[in-house]
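Heads up, the thing below is written out as structure tokens.
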Amino acid sequence: MTQIRSFIGATRRPGELGVHSLDEFNLIVPDMKVAETFYGEFGLELQPRGNRMEIRTQGHNHRWGTIVEGSRKRLSHFSFGVFEDDFSRFKDRLNNLHEPLLDAPPGFESSGLWFHSPDGLLIELRVADKSSPNEKSSFTMVSAPAGVQSAPSRTQAPRTKPRRLAHVLVFTADVLASIAFYERVLGLRLSDRSNDGIAFMHGIHGSDHHLLALAKARGPGLHHLSWDVGSINDTGLGAMHMADKGYAAGWGLGRHVLGSNYFHYVRDPWGSYSEYSADIDYIPVNCDWPGQDNPGHDSFYGWGPVTPEDFAVNYELAS
Ligand SMILES: [Fe+2]
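Residues in the sequence shown are numbered consecutively from 1, following our numbering.
Structure below.
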């Protein structure tokens, strides 16, 4: 057992209190069928359960998200995973910080801890298995030997199937206050930010460069859900498939600087995005990432097409 442990490496930062994963998101949409078509074509696995749709990825049993129908599209809440023996410590921390604990929303009975972010976004802390990766996710770039055609024909190209939820980017009215909140309450750490416009936060028990990102807007909302894929080719093939199915709007292919991931964002039917993301930086459990402020013009993306004019618009806010 000791040998196995030393092979896998530490998956927990000793003595420190912090969530280990972004366990699940919950999205409300006005038309379930529209959501089912979009996320199904994107390559996710959808399973109806009662009046909900559960989202998984191929080959992975974790439920990354749930969709329910409502009057308008909005991110209703998200749940962070904690280690079982940390749960009571989190309860004490919330009490000490005078964070009012709330009931679970109707239909979401749980034994988790529910409270609001400074923007009023509903957050749950729940005991869960660690779903954030314990090591950097694999990335491949296959080059065929001379004399062999490498690329398949369009009709033979495989469908892109994301491997896992990578991160969620939410809007907030105050990025700096939100950083402080997520550090103080959830124990996330700042990976990088650009002034008060955008920030990226990671889990202390080993996670991608960001499992949560924050972008400035007039109020809360979902900017994008990011899904991990294993290659640039998967990113491009996914984008091409979505364009073929009528979802050509978006942004990519490009490469971010903060996080380093190759990206293609596909615009969803409600004006937010789902991102194919490959080769994002990883912050291991024993690494103290410096958490710097970076000039926006030099760190948003290293290369890629011109950003759509309304890329940072929060369409969840009533116009
Ligand atoms: Fe992203």
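Here a beta-carbon is modelled for each residue, glycine too, at the ideal position from N, C-alpha and C. Note that the structure is a prediction, hence the values are computed from the model and not measured.
For Ala10, there is no enclosing beta strand (DSSP E), as DSSP marks it with neither H nor E. Distances between the C-beta of Ala217 and the heavy atoms of ligand 1 are all 7 Å or more.
With a cutoff of 8 Å on beta-carbon distance, Thr140 and Tyr276 are scored as not near each other. Going by C-alpha positions, Phe25 is about 28 Å away from Gly304. If you look at Tyr39, you'll find it in the alpha helix (DSSP H) that goes Met32 to Phe42. The criterion of a C-beta distance shorter than 8 Å is not satisfied by Trp114 and Glu99. Closest by C-alpha distance to Ile280, out of Asp196, Ala217, Leu214 and His167, is His167. Ligand 1 never approaches Leu22 closely enough for any of its heavy atoms to be under 7 Å from the residue's Cβ. With contacts defined by Cβ atoms closer than 8 Å, Ile67 and Leu27 form a contacting pair. A distance criterion of 7 Å places the beta-carbon of Leu169 in contact range of ligand 1, judged by its closest non-hydrogen atom. Put simply, the residues with a CB less than 5 Å from any heavy atom of ligand 1 are Ser226 and Glu275, in chain order. Taking 8 Å as the cut-off, the Cβ atoms of Val82 and Val142 do not count as close.
Under DSSP, Val29 takes part in a beta bridge, and its partners are Glu69.
Bridge pairing for Phe78: Phe25 and Ile123 [DSSP].
With contacts defined by Cβ atoms closer than 8 Å, Tyr247 and Val266 form a contacting pair. In the DSSP assignment, Val168 falls within the unbroken beta strand (DSSP E) covering Arg164 to Thr172. Cβ-Cβ separation between Arg164 and Gly291: approximately 24 Å, too far for a contact (criterion under 8 Å). Non-local beta-carbon contacts of Gly65 in its own chain, meaning distances under 8 Å to residues more than five positions away in sequence, involve Glu24, Phe25, Asn26, Leu27, Glu54, Ile55, Leu165 and Leu225 in chain order. Under DSSP, Val229 takes part in a beta bridge, and its partners are Ala278.
Around the beta carbon of Asn314, 16 or more other beta carbons lie within 10 angstroms, which makes this residue buried. Taking the CA atoms as reference points, Phe263 sits about 16 Å from Tyr282. Excluding its 5 nearest sequence neighbours in each direction, Pro133 has C-beta neighbours in its own chain below 8 Å: Arg164, Gly206, Ser207, Asp208 and Tyr282, listed in chain order.
Contact annotation: the stretch 144-158 does not touch the stretch 180-187, with fewer than three C-beta pairs closer than 8 Å. For Asn51, the number of other beta carbons within 10 angstroms of its own is below 16, and it is reported as exposed. DSSP, reduced to helix, strand and coil, places Tyr262 within a strand of the structure shown.
Glu54 sits in a strand when the DSSP states are folded into three classes. Comparing alpha carbon positions, the residue from Lys216, Pro30, Arg12 and Ala151 closest to Arg72 is Pro30. Selection Gly18, Ser138, Gly271 and Asp192 evaluated against Ser88 yields Gly18 as nearest (Cα-Cα).
Rounded to whole angstroms, the Cβ separation of Ser178 and Ser117 is 7 Å, and the two are in contact under 8 Å. Taking C-beta atoms as the reference points, Ile198 and Leu214 count as a pair closer than 8 Å. For Thr172 and Gln156, the gap between their C-alpha atoms comes out near 43 Å.
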